[in-house]
Every structure is written in structure tokens, then in C-alpha cells.
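Novice: I have a structure here, written as C-alpha cells, and I will follow up with some questions on it.
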Amino acid sequence: MSKKFCNKAKIMYGKDSLNRISFELSRNNSTRVFVLSDSTSMQSGAVGRIKNLFKGSDASATYYIIDVEKWSTTDVVTSAYQKFYDSKCEFIICVGGDGIANIAKAIKVLANVGTSDITQVTNLNVKDKVPLMLIPTSVKSVSYGVGNTSVVDKDNNKLYKLSGSVLCPNYIIIDKRVVTKLSEQIANERILLILGMSLVALSEPLMSISARIFAFTAMDSLKEPLAIDKHRYLGRTGEEIVIATVAAGIGFTGVPKCMLSLMVMHISICKNIEYNEIFFALLGKYLNLFLGRYSTDDINLLGKYLDDDSVFNITDMQDRREYVISKFIKIINELSECIGGVSSLSELGLEESEKSMIIDKVVNSYGSDITSAKVSDIQALMDSAF
Amino acid sequence: MSMYYEFHNPVNLISGYGIIPNSIGATLKALNSKRVLLISDRENNSDGTVDIVRKSIIAGGVNVGGVYLNVPRDSSVLVISKIANLCMINSCDSIVAVGAGSVLDTAKCVRLIISQNTNHITDLKGFDMCNRGVDMPLVLVPATCGTGSEVSNVAVVLDETGTNKLDFVTEELLPNATIIDGSMLVFQSSMEILSAAFDALTHAIESVTGRQRNPISTKYACMAIMMIRDNLEYCLCDNPKEEHLHKLMEASTIAGVAQSSSMLGVVHAICYSLGVVLEIWHRECTAEVLPHVLKYDFECCKDLYAEMFFYLVPESVYVSTPKEDRAKVFCEYIQSWYKRLHALVGGSNTIVNLGLSEQNVDAVAKTASRDGLNIINPRYIDLHGIKEILLSIMRGDI
Ligand SMILES: [Fe+2]
Numbered sequence: 007m008s009k010k011f012c013n014k015a016k017i018m019y020g021k022d023s024l025n026r027i028s029f030e031l032s033r034n035n036s037t038r039v040f041v042l043s044d045s046t047s048m049q050s051g052a053v054g055r056i057k058n059l060f061k062g063s064d065a066s067a068t069y070y071i072i073d074v075e076k077w078s079t080t081d082v083v084t085s086a087y088q089k090f091y092d093s094k095c096e097f098i099i100c101v102g103g104d105g106i107a108n109i110a111k112a113i114k115v116l117a118n119v120g121t122s123d124i125t126q127v128t129n130l131n132v133k134d135k136v137p138l139m140l141i142p143t144s145v146k147s148v149s150y151g152v153g154n155t156s157v158v159d160k161d162n163n164k165l166y167k168l169s170g171s172v173l174c175p176n177y178i179i180i181d182k183r184v185v186t187k188l189s190e191q192i193a194n195e196r197i198l199l200i201l202g203m204s205l206v207a208l209s210e211p212l213m214s215i216s217a218r219i220f221a222f223t224a225m226d227s228l229k230e231p232l233a234i235d236k237h238r239y240l241g242r243t244g245e246e247i248v249i250a251t252v253a254a255g256i257g258f259t260g261v262p263k264c265m266l267s268l269m270v271m272h273i274s275i276c277k278n279i280e281y282n283e284i285f286f287a288l289l290g291k292y293l294n295l296f297l298g299r300y301s302t303d304d305i306n307l308l309g310k311y312l313d314d315d316s317v318f319n320i321t322d323m324q325d326r327r328e329y330v331i332s333k334f335i336k337i338i339n340e341l342s343e344c345i346g347g348v349s350s351l352s353e354l355g356l357e358e359s360e361k362s363m364i365i366d367k368v369v370n371s372y373g374s375d376i377t378s379a380k381v382s383d384i385q386a387l388m389d390s391a392f
Numbered sequence: 005m006s007m008y009y010e011f012h013n014p015v016n017l018i019s020g021y022g023i024i025p026n027s028i029g030a031t032l033k034a035l036n037s038k039r040v041l042l043i044s045d046r047e048n049n050s051d052g053t054v055d056i057v058r059k060s061i062i063a064g065g066v067n068v069g070g071v072y073l074n075v076p077r078d079s080s081v082l083v084i085s086k087i088a089n090l091c092m093i094n095s096c097d098s099i100v101a102v103g104a105g106s107v108l109d110t111a112k113c114v115r116l117i118i119s120q121n122t123n124h125i126t127d128l129k130g131f132d133m134c135n136r137g138v139d140m141p142l143v144l145v146p147a148t149c150g151t152g153s154e155v156s157n158v159a160v161v162l163d164e165t166g167t168n169k170l171d172f173v174t175e176e177l178l179p180n181a182t183i184i185d186g187s188m189l190v191f192q193s194s195m196e197i198l199s200a201a202f203d204a205l206t207h208a209i210e211s212v213t214g215r216q217r218n219p220i221s222t223k224y225a226c227m228a229i230m231m232i233r234d235n236l237e238y239c240l241c242d243n244p245k246e247e248h249l250h251k252l253m254e255a256s257t258i259a260g261v262a263q264s265s266s267m268l269g270v271v272h273a274i275c276y277s278l279g280v281v282l283e284i285w286h287r288e289c290t291a292e293v294l295p296h297v298l299k300y301d302f303e304c305c306k307d308l309y310a311e312m313f314f315y316l317v318p319e320s321v322y323v324s325t326p327k328e329d330r331a332k333v334f335c336e337y338i339q340s341w342y343k344r345l346h347a348l349v350g351g352s353n354t355i356v357n358l359g360l361s362e363q364n365v366d367a368v369a370k371t372a373s374r375d376g377l378n379i380i381n382p383r384y385i386d387l388h389g390i391k392e393i394l395l396s397i398m399r400g401d402i
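If you read the protein sequences in the order shown, they are chains A and B.
Take any residue in the first sequence, count from 1 to its spot, add 6: that is its number in this note's numbering.
Take any residue in the second sequence, count from 1 to its spot, add 4: that is its number in this note's numbering.
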């Protein structure tokens with residue numbers, strides 16, 4: 007049995023990181039660059055900053071600015087790809103948030119596969135010839151920096167989800183000059199997401215060591231707000247939250263099939279409710295049910311985020327486990343309260359009668375990997391969520 | 005925070021005990037490789053490792069187009085040119101290497117000159133001198149638990165004269181995939197495992213203390229330290245469990261990721277120099293040099309030592325050590341731990357009985373002082389400082 011992990015992206019973080027773009031372009035022998043962005047980033051001046059970087063440089067850029075909707079559609083992706091194709095560019099830079107990054111990853115796949123129709127893409131094992139550089143202004147989803155994308159085919163009412171190494175961004179550049187400042191409410195929501203995703207990922211026994219490291223890196227970025235009694239948003243900057251979200255996402259890709267994530271996804275699709283809202287409602291219950299899944303090492307490492315090493319005074323490991331996880335559940339509940347989150351699926355409008363349908367969908371997602379133990383775990387989580 | 009950092013390790017890590025027979029061919033196939041050049045050394049050929057690797061390649065439906073099994077302990081640019089020629093003559097489209105650091109560094113350099121389309125690898129020496137090269141899949145299989153080369157952007161080889169060390173640092177050296185398999189350690193003696201593990205521990209510590217440290221590589225390093233703490237001693241006993249061997253192997257690889265991102269420091273500058281001047285394997289020296297450099301850097305690194313303390317020591321030591329003493333106990337613990345384990349495996353070698361003496365200390369110090377790694381060391385160091393460290397090793401000051 008082997009564990010696999012790959013994080014293709016070169017992460018460039020901090021002061022003046024945007025200034026290194028020209029060096030990376032010349033390293034890739036790229037002189038024609040396709041800059042994809044959205045109207046919000048255009049108005050905020052983020053695109054203007056990128057434009058300035060091309061002044062006096064050997065590289066030329068073609069700009070394509072679009073209004074991003076909640077879901078990327080095949081129409082939008084096809085026309086963006088056509089523009090990329092006509093421009094004869096050899097490098098993609100994407101400035102903006104999750105929505106535009108989703109489209110950029112789809113263009114990258116098409117450029118590397120050599121087709122203009124995303125619904126026809128089947129073989130993703132192709133060479134990565136056209137690099138993608140993501141420059142986030144804001145990141146609200148852990149899938150931002152990893153190798154997947156979702157595109158809706160409106161005509162056929164079908165959702166295409168693609169994932170694979172060729173979709174991974176080759177660069178993620180986080181420079182505060184283009185990162186959006188966050189309100190306290192939004193920052194709290196992001197912190198809850200990062201914390202939740204990292205904790206859930208760490209509970210998965212098949213997670214690789216590198217993925218665990220990224221989950222803990224994400225937690226490290228939240229160190230200060232996690233200190234007991236000071237867990238609320240304490241002025242973490244936008245770029246600190248962006249790097250933590252990216253790290254949590256990379257950690258999460260190390261989890262082959264996550265029960266909680268599958269359940270949230272199916273409820274989200276069935277009920278058309280935001281992923282995060284459902285995730286937050288289920289999080290505390292998941293941790294409470296599955297606290298036994300954490301390794302002793304991880305309980306100790308998680309304990310270090312709590313107050314002043316007092317966790318190590320608890321000598322009984324089971325007591326320590328319960329103490330650590332209950333502290334995290336407390337933090338999660340308080341953060342959730344801050345952002346007006348709900349704590350049960352019935353509050354989100356899910357009917358008791360829909361339970362078995364969701365359970366079936368989650369079970370089916372595992373395909374031949376399903377076991378009876380997993381089925382009872384899924385049922386237990388669903389029961390506890392009502 | 006106004007700092008800048010970057011982190012890049014796109015290597016596909018495939019990890020599992022006993023996976024080599026079924027994973028190398030499959031990995032090559034996924035990389036669209038058809039004809040591979042296999043590189044190793046006599047040691048791995050004679051213990052049967054090369055055969056297992058060869059079978060794994062063939063099992064994946066990939067041809068072995070050429071083999072080179074004579075990589076020396078200190079590889080050189082001449083060896084690299086010879087292998088690159090062999091690769092081209094046999095029309096190989098990919099490379100697999102199995103062995104210790106020297107074999108892996110050699111394979112990385114062979115791929116580098118082919119992908120950069122040059123005959124003169126010396127043109128590429130130094131820091132970050134290469135653009136994106138021609139695609140040529142490279143899969144590395146480490147056979148020891150100390151090198152970290154399987155995931156690093158660094159290669160160290162000797163020049164044509166065999167007397168000067170050449171450093172290559174570029175992301176173009178990073179392999180496409182690395183197969184981490186703890187069963188490789190079954191072939192190693194306890195003494196070899198101990199020195200390799202302390203080399204890996206040093207990679208982790210130097211990457212945390214170095215000027216190029218960053219939050220991601222620091223986390224990699226700390227986890228490596230913790231895994232070495234939890235598994236090393238078990239691996240030195242008779243019939244170690246698979247789980248411990250594999251975790252020690254993984255620890256070495258993740259320390260390698262940290263090292264690749266943050267680089268090393270004076271410990272390695274000195275140990276590489278001992279290798280060049282006295283022909284001692286650098287991994288045989290790191291455990292002995294490390295405490296002296298920790299002492300030299302103490303004032304500017306004590307907070308970082310205190311941070312690593314949690315990951316290095318058993319919980320009982322952690323809870324019983326007052327916060328203000330953690331940095332000091334960190335340094336003491338490393339040395340006493342090594343001494344205990346060294347005695348446990350019946351080790352008797354020291355750097356002095358391997359050859360460091362009044363006669364050659366100046367030459368060792370001079371070579372070490374020219375190493376670029378000194379710039380990354382947290383505290384400024386010059387020829388005088390290095391000689392002082394060497395003299396304190398000779399006197400057995402710590
Ligand atoms: Fe080393």
C-alpha cells in the first residue's frame with residue numbers, strides 16, 4: 007500500500023513577490039503571456055499592478071477580463087480558451103479569486119491537452135507545457151491552489167469535475183499589494199474553514215506525511231487567533247489568511263476520499279447550499295464522533311496550539327485526546343457563532359426523509375473502496391448532524 | 005511580516021514499505037517513459053537491489069536501455085559526462101537511479117546536462133543558473149536514510165581533478181518522482197543507519213536555523229526531527245519493525261525537502277570539507293560536528309533551538325525542562341543522545357581517528373571556509389571561526 011503526494015506549485019510569499027514574475031517568465035523561456043482576470047480585480051487596481059510589471063520587459067501580455075459567476079460554464083471556458091489560443095500565448099497568469107482561478111485551470115487543461123471542448127477531455131496524463139501562475143486577491147475555498155476545477159454545461163445540465171496533476175498551478179504568488187483586505191466577519195469565516203479543513207484532513211488515516219505537514223503549516227498561520235480565550239480574529243492580514251487557505255488546501259489533497267467532504271458536496275449539490283455553510287454545520291459533530299482517529303502524535307501537536315503546554319499535564323492519553331478535541335470543538339462553535347453559522351442540517355432545510363438519499367450518494371462515491379465500517383461511520387455522522 | 009520566501013518541491017512522493025517491486029515501472033509509465041537508463045553503484049548491485057529495481061522497471065512495460073553500476077563514492081564531472089554519453093548512445097528517454105547520495109546526485113547531474121543540452125556541466129555550477137530544460141523523466145530511489153538528495157534541488161560532485169567540490173543548485177535538478185521504501189534499510193548496518201539518521205537530523209536543524217528558513221520548510225524539518233526521535237532507536241535494534249524503518253526513511257526525505265528549500269549551514273561546509281581533504285563520508289562526521297556549531301550559533305539561534313526542543317526530546321524531558329533552559333538542553337540532548345546510540349551500536353570512530361590532525365586542520369578549514377553554505381549560516385563565520393570549531397572538535401571540548 008503506498009501513499010502519494012505531489013504539490014507542484016512554487017509558492018512565493020511576501021514582500022515584493024510580484025517583482026519576481028519576469029524572472030520566472032524568462033526561466034520558462036516565455037515571452038507571450040495570457041493574463042486572465044475579473045472585473046473586480048480590474049477595478050481594485052490589481053490588474054494595473056501586473057500591467058506595470060510588463061513595462062520595459064521582454065514579455066508581452068494579452069489581457070482577458072471577464073465577470074465571474076458562481077459557476078464556471080463551458081461557454082465561458084470555451085471563449086476564454088479561444089482567446090488564449092488566438093493570442094498564441096505560452097504562459098497563463100490569473101489574477102483574482104476562486105472563480106477566475108477555476109476558469110484558468112480549465113484553460114490550462116485545454117491548452118495542454120490541445121482541445122477547445124472541456125467536455126471532451128478524458129486523458130489528463132499529458133505533459134505540462136503551458137504553465138499557470140495564480141495571483142490571488144482573495145481565496146475562500148481550499149481548492150484554489152490545487153489540481154481541480156468544476157465547469158457546468160448549462161445546455162445539458164451537467165457538472166464536469168476534473169482533477170489531476172496537469173490542473174495544478176505551477177506558481178502561486180501571494181503579495182499583499184494585490185490581496186484584498188478582509189472584514190472581521192469574513193476573516194473569521196476563513197479561519198474556521200482553514201481550521202476545520204486541517205483538523206478533518208488530520209483525522210484521515212491514509213493521509214501522507216507531506217499532506218499532514220501542510221495541514222499543520224495552515225494551523226501555524228492561525229496560531230495567534232487560536233490561543234485560548236483569544237481565538238477570535240486578531241488582525242490576521244489578508245495575505246496570512248490566503249497562505250493558510252492555500253496550505254490547508256494542499257494538505258487536503260493528500261486525503262484520498264474524505265467522508266465529511268463527500269457528504270458536504272452531495273448535500274451542497276442536492277440542496278444548492280454553499281459548501282462552507284454545510285461544512286461548518288457538520289464540523290463539530292464530525293470531530294466529536296471521530297476523535298479516536300487522531301494519532302497520538304497529532305493529538306500532542308494539536309495540543310501545542312492550545313494554552314501554554316498545560317495539555318501535557320494530562321497523563322492519560324484518552325483524557326488528553328478528549329481534552330484537546332473538545333477545546334477545538336469549543337473554538338469551532340464560538341467561531342461559527344461569530345459568523346452566524348448553524349449547527350444542524352435541519353436548520354439548513356434538509357429533511358429527515360432526504361437522509362438515506364445522501365447516505366447512498368456518499369457510499370456510492372467510494373465505489374469498490376467501501377466497507378461496512380465506513381457505511382456505519384457515514385450513518386453515524388448523518389444521524390448526529392440532525 | 006515583511007519577509008519574502010519561496011517554497012517549491014514538485015516531486016511526486018510515492019511512499020510505502022516494500023513498494024519498490026511494483027512501483028518503479030508504473031511510475032515511469034505514468035511519465036510516458038519507454039526506455040530507461042538505470043544508474044547505481046557496486047554496493048547496490050551486489051546486494052541485489054539493482055536487480056529488484058530492474059525487474060520493477062520491466063514489470064511496468066518499460067525497457068532498460070542502458071545500465072551504469074559503477075558510480076564512485078565521490079562522483080565527478082567525468083563520471084557524469086560518461087553516463088550522459090551512455091544515455092544518449094542508447095537512446096534512453098528517462099533515468100532511474102538507486103543508491104545513496106552520490107548515485108542520486110550523479111543521476112540528477114546527468115539529467116541536467118541532457119535536459120540543458122550542454123556538454124559542459126561546469127557552466128551550470130552555482131545558484132539558479134538554468135532555464136526550463138527539455139523534458140526527461142527522472143525517478144530516484146534512495147537506498148539510505150540520510151541523503152535527502154532524492155527531493156533536493158542541490159547536487160555536489162567533484163571537478164575534473166577530483167579535488168574541488170562543485171555545487172549545483174537549481175530546481176531543474178528536482179526529480180519527477182521519488183520512491184520511498186523503508187525496506188531498503190534492511191541492507192544497512194546499525195552504524196550506517198545511525199550516522200545517516202544524524203545526517204538527516206542535521207539537515208532538518210540547519211534548515212530551521214539557516215537564514216533561508218521559511219514557515220513551510222520549518223514545519224517539514226520539525227516533523228522530520230520528531231520522526232527521527234520516535235523511530236531511530238528502534239531501527240538500531242535487531243530485527244526492527246517495518247513501520248520504524250519506513251518512518252525513518254520518510255523522515256530523511258522530508259528533512260531533504262526542508263533542506264532543499266532552506267539550504268544547509270556550517271556543519272555541512274565543514275563535513276563536505278572533511279570529505280574532500282580526508283576522504284571521510286560527510287555523513288560520518290555530522291553528528292560530531294553538529295554540537296560544536298550549535299554552540300557557535302547559540303546566541304542568535306536560541307529561540308529556534310527552544311522551538312525545536314519539543315520535537316527532539318521525549319515528552320518527559322520536555323515537561324520537566326523550564327522554558328528558559330530549553331535551548332541549552334536542546335544542545336546537550338543532541339550530544340548525549342548520539343553518544344548513547346553510538347555506544348549502543350558499538351561505534352568507535354571519531355573524526356580525529358578518521359584522520360583530522362594538526363597537519364591537515366588548516367587545509368580542512370580553508371576548504372570549508374570557501375563553501376557558499378557559510379553565507380546561509382545564521383551567525384557570520386570566517387576561516388578563523390571554522391578553524392576554532394575544528395580545534396574544539398579535536399580537543400573534545402563539548
Ligand atoms: Fe548531509
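Each residue gets a CB set at the ideal place from its N, CA and C atoms; glycine is no exception.
Indicate the three-state DSSP secondary structure (helix, strand or coil) for N95(B) in the structure shown.
Specialist: The sequence shown places Ser at residue 95(B), not Asn. Reduced to three states, the DSSP call for S95(B) is coil.
Novice: Using the rule of at least 16 other Cβ atoms within 10 Å of the residue's Cβ for burial, across every protein chain shown, is P141(B) buried or exposed?
Specialist: It is buried - the Cβ of P141(B) has at least 16 other Cβ atoms within 10 Å.
Novice: Quick one: what's got a C-beta closer than 7 Å to I200(A)'s C-beta in the same chain, skipping five residues either side?
Specialist: Excluding residues within five positions, the ones whose Cβ falls inside 7 Å are A224, L228, A250, T251, A254.
Novice: From the DSSP output, read off the bridge partner residues of T182(B).
Specialist: Answer is L17(B), L144(B).
Novice: Going by Cα to Cα distance, which pick from L198(A), K76(A), N282(A), K57(A) is closest to Y70(A)?
Specialist: When only C-alpha atoms are compared, the closest one is K57(A).
Novice: Have a look at I117(B), S50(B), A30(B), I62(B) and flag the residue whose alpha-carbon is nearest the alpha-carbon of K86(B).
Specialist: Taking only the C-alpha atoms, the option nearest K86(B) is I117(B).
Novice: Assess, as a yes-or-no matter, whether the segment 21-29 of chain B is touched by the segment 180-193 of chain B under the definition of 3 or more beta carbon pairs within less than 8 Å.
Specialist: With a cut-off of 8 Å, the segment 21-29 of chain B and the segment 180-193 of chain B count as touching, because enough Cβ pairs lie within range.
Novice: Using a Cβ-Cβ cut-off of less than 8 Å, give me the residues of the segment 9-38 of chain B that come near chain A, in sequence order.
Specialist: Listed in sequence order: Y9, E10, F11, H12, N13, P14, V15, N16, L17, I18, S19, G20, I23, S27, A34, N36.
Novice: At a threshold of 7 Å, does D171(B) count as lining ligand 1 (C-beta to nearest heavy atom)?
Specialist: No; taking the cut-off as 7 Å, the Cβ of D171(B) has no heavy atom of ligand 1 nearer than that.
Novice: Under 8 Å, do T354(B) and T290(B) count as touching if we go by C-beta distance?
Specialist: Cβ distance not < 8 Å, so T354(B) and T290(B) don't count as in contact.
Novice: Are the segment 123-141 of chain B and the segment 167-177 of chain B touching, with three or more C-beta to C-beta distances below 8 Å?
Specialist: The segment 123-141 of chain B, when compared against the segment 167-177 of chain B, does touch it at the 8 Å Cβ threshold.
Novice: Note down, in chain order, every chain B residue with its Cβ under 7 Å from the Cβ of I33(A).
Specialist: One detail in the question is off: residue 33(A) reads as Arg in this sequence, not Ile. Going along chain B in sequence order, the residues near R33(A) (Cβ under 7 Å) are N135, R136.
Novice: Closer than 7 Å: is that where the CB of R77(B) sits relative to any heavy atom of ligand 1?
Specialist: Flag unset: Cβ of R77(B) not near ligand 1.
Novice: Would you mind working out which of K112(B), M227(B), F172(B), V102(B) sits nearest D127(B), comparing C-alpha positions?
Specialist: Cα-wise, what sits closest to D127(B) is F172(B).
Novice: With a 10 Å radius around its C-beta and 16 neighbouring C-beta atoms as the bar for buried, classify D235(A) as buried or exposed.
Specialist: Any reading at D235(A) needs caution, since the residue's pLDDT is 46, under 50, leaving its predicted position unreliable; the model's value is listed next. D235(A) comes out exposed.
Novice: Which residue comes first and which comes last in the beta strand (DSSP E) that contains S43(A)?
Specialist: Its beta strand (DSSP E) spans residues 38-44.
Novice: May I have the straight-line CA-CA distance separating L35(B) from S60(B), to the nearest angstrom?
Specialist: Each residue's Cα considered, the two are about 15 Å apart.
Novice: Where A15(A) and L173(A) are concerned, what is the direct C-alpha to C-alpha distance, given to the nearest angstrom?
Specialist: Computed Cα separation, rounded: 11 Å.
Novice: Closest Cβ-Cβ distance between F285(A) and chain B: below 8 Å?
Specialist: By this cut-off, F285(A) is not an interface position.
Novice: Could you pull out every residue in the same chain whose Cβ sits closer than 6 Å to the Cβ of P219(B), ignoring the five residues on either side in sequence?
Specialist: Here the set comprises nothing.
Novice: Kindly give me the distance between the Cβ atoms of G269(B) and N381(B), rounded to whole angstroms, as I take these residues to be in contact under 8 Å.
Specialist: Confirmed, Cβ separation roughly 4 Å.
Novice: Closer than 7 Å, Cβ to any Cβ of chain A: which residues of the segment 185-219 of chain B, in chain order?
Specialist: Answer set for the segment 185-219 of chain B: P219.
Novice: Give a yes or no on whether the minimum CB-CB distance between D307(B) and chain A is below 8 Å.
Specialist: For D307(B), the answer is no, since every Cβ of chain A falls outside 8 Å of its Cβ.
Novice: Excluding five sequence neighbours on each side, which residues of the same chain lie with their C-beta closer than 6 Å to the C-beta of A63(B)?
Specialist: Excluding positions up to five away in sequence, the list reads G29.
Novice: Just to check my reading of the structure: G244(A) and V185(A) have Cβ atoms closer than 8 Å, yes? What is that Cβ distance to the nearest angstrom?
Specialist: Contact holds; Cβ gap of about 4 Å.
Novice: Could you compute how far the alpha carbon of I56(B) sits from the alpha carbon of G70(B)?
Specialist: I56(B) and G70(B): Cα-Cα distance of roughly 16 Å.
Novice: Cα-Cα, which of K38(B), E164(B), D51(B) is closest to S80(B)?
Specialist: S80(B) has its Cα closest to that of E164(B), out of K38(B), E164(B), D51(B).
Novice: Report the neighbours of F314(B) on chain A: residues whose CB is nearer than 8 Å to its CB, in chain order.
Specialist: The answer, in chain order, is K310.
Novice: How should M388(A) be labelled, buried or exposed, when 16 other C-beta atoms within 10 angstroms of its C-beta is the threshold for buried?
Specialist: M388(A) comes out buried.
Novice: Taking the beta carbon of S47(A) as the centre, do at least 16 other beta carbons fall within 10 Å, making it buried, or is it exposed?
Specialist: Buried, because 16 or more other Cβ atoms sit within 10 Å of the Cβ of S47(A).
Novice: Mind pulling the chain B residues with CB within less than 9 Å of C95(A)?
Specialist: Simply none; closest approach about 16 Å.
Novice: Kindly indicate which three-state DSSP category G326(B) falls into: helix, strand or coil?
Specialist: The residue asked about is misnamed: residue 326(B) is Pro in this sequence, not Gly. Three-state result, P326(B): coil.
Novice: T143(A) to L42(A), Cα distance in whole Å?
Specialist: Computed Cα separation, rounded: 13 Å.
Novice: Would you call the segment 256-268 of chain A and the segment 208-218 of chain A touching, i.e. three or more CB-CB distances under 8 Å?
Specialist: In short, these stretches touch, since the Cβ pair count reaches three.
Novice: Would you say E311(B) reaches chain A, if we count a Cβ-Cβ gap shorter than 8 Å as a contact?
Specialist: Not an interface residue.
Novice: Beta-carbon of G20(A) versus every beta-carbon of chain B: anything under 8 Å?
Specialist: Taking Cβ atoms only, chain B reaches closer than 8 Å to G20(A), which makes this a yes.
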